[in-house]
Every structure is written in structure tokens, then in C-alpha cells.
Amino acid sequence: MAKVRKIVKSITIDADKCNGCKACEVICSSWHATPRYSSNNPARSRIRIVRSPLRDIYLPVYAGEYTVAECTGRDKYIIDGKEYNECDFCRASCPSRDLFKEPDSGLPLKCDMCEETPALDKPKCVEWCLAEALSYVEREEEVEEDQPQLGDVEIGLGSLIDRHGLQQVLDTVARMAKP
Amino acid sequence: MRYGEIGFDLEIDLTRGSIDRVDTDPEDTRLYLGGLGTTAKIMWDRVPPETEAFSADNLLIFSTGLLCGTAAPGCNRTIVSTVSPQTKLVAYSMMGGFWAPELKYAGYDKVVIRGKSEELVYLWINNDKVEIRDAAHLKGLGATETSEAIRRELKDPDIQVAAIGLAGENRVFYASVEQGRSSASRGGIGAVMGDKGLKAIAVRGTKDINVADPGKYMELCDDVLKYIKHREDHPIEGVPPILAGLGSPQEMRIVDEEWHTTSFMWGNSRTRRKDFWTHEIEEKWRETQENVRTRLISCHNCPMKCGATISVPGLPTYMMKCYSKLTYTMAAFSDLDFGFRIAQKATEYGLDGFSAPQAMAFGLELLEAGILTEADFPGMPADNEGRFFYLLEKIVRREGIGDYLADGVYWAARRIGKGAEKFDHNTIKKHEQLPLKLGMLNPVYYLMYSTGEKINITQIEGQFPQEPFATREAREEFVKDWIQVPDEKFKKYYVDWEPRGEMSNPYYPTVEASCDIVDWMEKMHYIDDSLGMCAGLSSFPLKPPYHIHNYPEFITAATGLKMDKDQLWQTATRNRTLMRALNVRRGMRRSDDKPPEDHWKKRFPDLEKQLLDQYYKLKGFNDQGIPTRESLQALELDYVAEEFEQKGIYNHG
């Protein structure tokens, strides 16, 4: 596949500045509510703080790709005397933990950088983080062409297919589509 | 569907072991909003005045506020209410942190606890699944230790836990409920929790909190965040650094403690050390504070960093906020290092940082005065710090003299006798106050100290500056962007107020102006306490982001309730009056409405009488401080008037 130059959006996390307030979780879940801002629920947030105040661990992590299988990562990292699990840094919505899944359906959640037309200056979590632990970064990178961004419905359907098989999902959708 | 609030309370009977989820009446929301307001209504309906603190019939209510857990920045307070063992009045104490939002995410506005468990238990609220669980293995554990143990046991680091320590288990009259970086400390609420055999309430919730008008609500929230940023960039000039910004006084961030250490009293609120603060002290304290402070931390959805994680070498880590770093330090005539060390233990034991050090200093004064003897303190070390650590252990275990001091200064003095009563000089309504003794009577503070229903000055003061700036120009400058005033007259009150001369304390602000000022500050606290908003972003600091002009819009956008400034003012009046009525029904009268006798050196009995008369008049109370029938009816509190009449409260005064 051909390489093209493209703007890649990311969030730089300065964990030392996080004050653990969860404003990022509140505003993320609120922005993504339907209708917009109609509810909030950190359990639905696409950014979560791995928090352990007595161990001084405050690590905001935003949701990445959905993955069907558990990985084998069980390593520990010790940084500045604080022990982290490999999982703490992982952005995947995966079967081994509840993180980045809709609490009611279990469907995966993924950060979409608050994609919107017209575009926002920065994702809402970054805007609401007055502690400046989160900063929005755009950089140009060479990436492979033709990597369509999956929407929420596609990600959700993908995980249902993984769980129940394509045929069953097709049959169900067909049955539900009948008047 | 209900908006803003959930519409369900949890009713727990610890005697029977029953758990019920009950729906609440939207009419109560209209009348009392939520938080302290709806709690006061429950206390009125269900806790008769003869109920003692340690009776199975006493209720212990953990309440969220109406807007808790919504996107409104800083709206995270838990309001805990019960009959206080110390004051015997209805107490309410509040804590920030993460507990209240978590309870709403779990699907409840309140947890109402009655009865007593014979065995120590804890409550586990996990969305729709609620259990009363055995807590035998948690007995004697510290409050922080308990929280950690429960998180491990239930295998979820995101569980929020409110717990008591040994002080609560042993019913110390000033035991707190601790919750990580926050605590509900005043009024002995932890003692009631201990009496009920309830070690902790653990909560985890993953449900939605809905608002009625999402677009408008978010616009209001965004405006608040913008204003917070604006205030961060524009601290108020001319006031002590801890009061220049928003939030609780920034005790964890700021080292400059000249104001507290030289204006507040040391020991048992006795000694002022005007020359205490020196460059050497500042350097030493800076080193102490910066060495132990790991990180500045926040409560749920709040950008302020009023708390800190404290790791004193050799001691377990704990969290602290606000003024408790100084209360033990100053009571013991010691230094900040001692303050951080003893606060670690006191936090685990779950003690109020105002009352505990004063009770200890009081005990040592009695020893010095010969009212108590060495025999009352067997094995006590000779050094000041050692003595405080010794007394801490005695108090939380109620051993020997500790059993006396555990009831607080007022009750200990009466039980000890032999003239000990004279040493009880800093309580109001049997409750220890800030260690502060001043010269000239301040009419505004006179009223706030005398009449505040929480019996705690920080829960009624705020908004209006504590002192006038030196020059009229500076005062005029201050009022220019003072958008928070409910009425332009407050600007005039402030501009005309002089540090000295005719237009100064005690005769200015005038009686009428003083009552207006107190009324405004009090109203804002009552609104905060019903919404669950932190006073640090609203009623307490100068020029806060939440005020009487944007609150009605917040309430309407969140809940759909129609609300304007006048209606909200009226609602706050209703809640304030209902709190007063609860305590009037329990026997509180005018003679209880007074500051500590030596709070000011210069007192003015005639003026003070006028102040109280006018305050009562403005509030719709009679000359005994009892809400009148007419004012109760105007507030839709007819049921209160009826009961007052039935009980003959109006006749006997």
C-alpha cells in the first residue's frame, strides 16, 4: 500500500501533573452521551485515570483499539519507586478487564478525539484538564493509505461478530430489520 | 425520569438487617432541593426531639447534593447528618472527595441508616446490589487502612469508601468519618456511625446521571471553568496568600503561615504569638512541607488542588487538606513536622482536627492548674509532643483521663468539676471552635458565631471580606468586578467600611447592614449544602464562580425545575429555617446563640442585643430565636408551626 502524509492526532500525558480529579472522565462521557451532554458516567468514558492515591499513582489512559484476545503481558514496571502493571499503560479494550467497555452492553469504547464538524480546537478532556496533565498534539506522519477510521457502530458490530460469529449477527440484524 | 437527582434513596435498618430502595417525592425536591435540605425534612419527619444520639432510632444520613456528580465542576460534597452526641442538636458535616458522585452513579441520592448492628459490619453498595457485610476483620483498623482493605477484598481500586477509625468505634464525641482526602469531622458523626456498628460504607457505581437541558447546562459549566481560570490568573490582592485564590484556604500549596500562626491562638486557644513567624521558621517549615508533600490532589471533577498526599518518612502515607496541619502544631506549641506526624495517626483514628487538639490542650491546662494531677496521666512523657501522642492514644481508646476528654471540652469540664468549667472558654453550644481571640467586636462575625446552625464559623462566613482594605480607593477597586453580590447595596456597605474611626467595627457595618451581610453569606452556604457544591468554589472564597445569579440557571438546566433568583433565595430561607426548627424542637433558644465569652476583649451588650434582635426579625424568628407561625407558613412549613403549637413551644419560650 502506498504511503501518504497525514495529520495524526494524539494526547500527550504528563502523569506528574494529574491531580486525579476525573474531570476528563466526566466531560468525555458527557460529550459522547446521546443527546450530547445529556448524561455523564465515568464508566463510559474513553479516558480513565488509573488511580491509587496512597501509592501516588495517577495515570490517565485513553482508549485505543478494541482487541479480541487477551495478550500475555503481565510485566511490572517500577518508575520512580512506584510499581505499575503493564496493563496500566495499555489503551486496548480487551477481554481481560472492564476498562473501555460500555458498562451495560460490554461493547468496546474507543477515543475518537471528539471528532466533530467543524473541528474542535482540542478534545474535550484536554480542554477540561486545567491541571495541564493532558495536551493535544497534532503531528504529520507518513502512514499507510486506506486505513478507514472505524465509527462506534462498526467497532461495536466488530466485537459482536467476534463474540457471536458473523452469521448470527447477520441473522439477528436481518430479523430485527423486518417490519 | 428525574434529572440532576436520581429519585431513589437507600434505606438501611441495621437492627433488622434490611435494605430497601425507596423512591423519593419530587415535591420535596421543589421545596428543599436536596442534600442538607431534603435531609432536614427527613430528620424532621422521622427523628422525634427526644431521640438521643446513641439511640437505635437516631438516623445517620449520608446525602449527596442535588447537582452532585453532574458535570458542574466541584460539585462533589457528601452531607452527613445525625443527632450529635456532643451538642445534642442535629449536626451536619460535609466532606468532598469522591463518595457522593459515586453514590449517584450507583443510583441513589441518599443512604439513610437506622437501627444498630450487634456485630461490626460494613455496607457494600455496588449499583443495584447492596449488602451488609461482616467487618470483624476490620475492627480497630485505621480509616485509611479500612478503605484499602475493602478495596483489596472486593478487588476494585475504584471503590469509594467512607470509614471510621478507632475513635468512631469507641464513640469519641468528635470522631470523624474519613474518606481518603476528605472527612466529615464536625459534630461527632463518626461516633454515631460507631454506635450503629457500622465501620464503613463502600460504593461503586457505573450508571448515568442525567440532566434536563444538556446544551444549556454545559454552557454554564464551561463558563464556570473559564471564571476559575480567570481567578487563577487574578488573585485578590491585599489579603493573605491563602485567601487570595479559590478553593479551601490553600494550606497544602502555600507555606506562608504568618496569618494563622500570628493571629490565631496557641495552646488551648490561649496565647497569641505575634512575633512567631520569622524567616528561619518559614525556611524550616518550607523544608518540612516540601519534604512530606508528594502531590497536590483534588476532589471529584474539580480543578482546585486543596488536598495533598503526605508521606512522612517512616509513617504510612495519608491525605490531608486545609488547616489541620496547624491545629495540633499550635495546640502543642510545636512545629510543622510534629503537625504532620500526629495528623497521620489522628486521621487513621478518625478525629476532628479542630476539637481533638483543643481537648488535649485543655487536659494539659487542667494538669498545670492542679485540677488534674500526675496520677490522672500515668506514664505520660514529659515533652509536649510526647504528651499529645500519649493523649491521642488515651482518647481514642477512652482509657483513664482519655474517657473524659473523649467527650470534648464542655462535657469533660462538667464531669471533672473542681473549677474545670472555667477552662472551657472556646466552645459554642458545647462544640469546640477555631482557636481565635480578638480585640474589637466584629458585628458580622458576632452574628455568624452566635447563630450558625453548624456551629462552625467556616460554614457560614465567606464572600464578604473579613476586613476592609485600608483605603477607600482599594475598596472601590475591589467592588468593580464584584458580580457575585445579590444587591448593589453590598458594594456600598463594603466601600464605606473603614479600618478605624466612626465607620468601623463595632458600629459599622450598621446593625441592618450586618444582618444583610450575614444573611447573604448564610444563604450561599445553605444553597451549596443542598446542591452538594464545595464551599471552596462558592460560598467561602472571595469572588467565587458560583453565585446567586448563575445558580438558578444551573438548577433549572439540571433538573427542569423552574427557578429564579427570588425563588432560590426563598428556598435557601426555607432550608435555613427548617434547620433552626429542628434544633428549636430539641430545646435550642436565644440563650444558646452566643459566641465564646472571651472571643472578643471588647464586648458591647446593647449592640449585641440589637444585632440579635434584628437578625431574628430578618429571619422571621421571634425574640427567642423561634421561627414564627407567619414566617413558617410563608415558607410552606406549616407542619412545623403546627407541631410548635401542639408542643406549646411558642407559649413556654
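For the protein sequence lines, the chains are P and H, in the order given.
Quick note: the first sequence uses our numbering, first residue 1, plus one each step.
Quick note: the second sequence uses our numbering, first residue 1001, plus one each step.
The C-beta atom is built at its ideal place from N, Cα and C for all residues, glycine as well.
All figures in this text were calculated on a predicted structure; none of them were measured in a lab.
Assumed close pair residue i, residue j - CB separation to whole angstroms, cut-off 8 Å
i: M1304/H; j: G1536/H; result: 6 Å
i: A1359/H; j: G1408/H; result: 6 Å
i: L1103/H; j: G1205/H; result: 7 Å
i: K1229/H; j: G1439/H; result: With a Cβ gap of about 39 Å, K1229/H and G1439/H do not count as contacting.
i: A63/P; j: L109/P; result: 5 Å
i: R1181/H; j: M1319/H; result: 4 Å
i: Y1323/H; j: A1558/H; result: Actually they are not in contact, since the Cβ atoms of Y1323/H and A1558/H sit about 32 Å apart, beyond 8 Å.
i: Y1092/H; j: D1009/H; result: Incorrect: roughly 17 Å between the Cβ atoms, too far for contact.
i: T1051/H; j: D1057/H; result: 5 Å
Option in the options with minimal Cα separation from residue i
i: P1595/H; options: G1648/H, G1620/H and E1453/H; result: E1453/H
i: L59/P; options: R97/P, G20/P and P35/P; result: G20/P
i: L1336/H; options: D1256/H, M1588/H, R1186/H and E1219/H; result: D1256/H
i: S1450/H; options: L1582/H, M1588/H and K1345/H; result: M1588/H
i: F1604/H; options: L1067/H, I1342/H, R1181/H and L1447/H; result: L1447/H
i: K1430/H; options: L1014/H, T1087/H and S1055/H; result: T1087/H
i: V4/P; options: V143/P, I27/P and P35/P; result: V143/P
i: S10/P; options: P103/P, P118/P, H32/P and P123/P; result: P123/P
i: N40/P; options: V50/P, I27/P and R46/P; result: I27/P
i: S1269/H; options: C1515/H, Q1433/H, L1441/H and F1554/H; result: Q1433/H
i: R55/P; options: G81/P, I7/P, G158/P and A177/P; result: G81/P
i: S1063/H; options: D1481/H, K1543/H and V1080/H; result: V1080/H
i: F1388/H; options: E1232/H, F1173/H, A1244/H and F1362/H; result: F1362/H
i: E1219/H; options: C18/P, R36/P, V8/P and K178/P; result: R36/P
i: E1476/H; options: G1462/H, F1464/H and K1492/H; result: K1492/H
i: I1649/H; options: R1586/H, V1090/H and D1598/H; result: R1586/H
i: P1101/H; options: M1563/H, Y1616/H, C1534/H and P1627/H; result: C1534/H
i: T1039/H; options: L1582/H, I1061/H and I1125/H; result: I1061/H
Residue i - partner residues in DSSP beta bridges
i: K1129/H; result: N1126/H
i: S10/P; result: V137/P
i: Q1705/H; result: Not covered by the structure: residue 1705/H. The range shown for chain H is 1001 to 1653.
i: H1431/H; result: I1428/H
i: F1488/H; result: Reading off the sequence shown, one finds Glu at residue 1488/H, where the question assumed Phe. BP columns for E1488/H are empty, so no partner.
i: L1326/H; result: According to DSSP, which records beta bridges pairwise, L1326/H is partnered with nothing at all.
i: L1436/H; result: None; L1436/H has no bridge partner.
i: R1248/H; result: The sequence as given places Ser at residue 1248/H; Arg does not occur at that position. Answer is none; S1248/H lacks a bridge partner.
i: I1113/H; result: I1012/H and L1060/H
i: M1094/H; result: I1079/H
Partner residues on chain P for residue i, Cβ-Cβ distance less than 8 Å
i: A1071/H; result: V26, I27, S30, Y37 and N40
i: K1305/H; result: N19 and A131
i: Y1105/H; result: N41, P42 and A43
i: I1209/H; result: S39, N40 and N41
Interface partners of residue i on chain H, CB under 9 Å
i: D56/P; result: T1294, R1295, T1309, S1311 and T1317
i: A63/P; result: Simply none; closest approach about 16 Å.
Beta-carbon proximity list for residue i, same chain, < 8 Å, skipping 5 on both sides
i: L130/P; result: A23
i: V1511/H; result: P1443, L1607, Q1610, L1611 and Q1614
i: A15/P; result: Y58, L59, P60 and A133
i: I160/P; result: Rather than Ile, the amino acid found at residue 160/P in this sequence is Leu. Excluding positions up to five away in sequence, the list reads L107 and V169.
Neighbour list for residue i in chain H, Cβ cutoff strictly below 8 Å
i: A23/P; result: P1073, N1301, C1302 and P1303
Residues near residue i by beta carbon distance below 6 Å, same chain, minus five either side
i: A1135/H; result: L1120, V1121, Y1122 and K1199
i: K76/P; result: E83
i: G1194/H; result: I1164, G1168, E1169 and R1171
i: W1520/H; result: P1486
i: R1632/H; result: Residue identity differs from the one stated: residue 1632/H is Leu in this sequence, not Arg. Answer for L1632/H: V1640 and A1641, listed in chain order.
i: S135/P; result: T12
i: Y1410/H; result: D1424, T1427 and K1430
i: E1365/H; result: N1268 and F1423
i: A1162/H; result: W1099, V1177, Q1179 and I1201
Per-residue contacts from residue i into chain H (C-beta, under 7 Å)
i: S52/P; result: P1157
i: P103/P; result: T1206
Close beta carbons around residue i, own chain, < 7 Å, minus the five adjacent residues each side
i: K1394/H; result: G1400, I1401 and G1402
i: G1017/H; result: I1132
i: S1530/H; result: Y1032, L1033, G1034, G1035, L1036, G1037, G1065, L1066 and N1575
i: R1295/H; result: A1308 and T1309
i: G1238/H; result: F1469 and A1474
i: E115/P; result: none
i: G1142/H; result: G1165, E1348 and Y1349
Under 7 Å from the C-beta of residue i: neighbouring residues of chain P
i: K1345/H; result: In chain order: nothing, as chain P lies at least about 16 Å away.
Chain-ordered chain P contacts of residue i [CB-CB under 9 Å]
i: E1148/H; result: L54
i: S1298/H; result: N19, G20, C21, K22, A23 and A131
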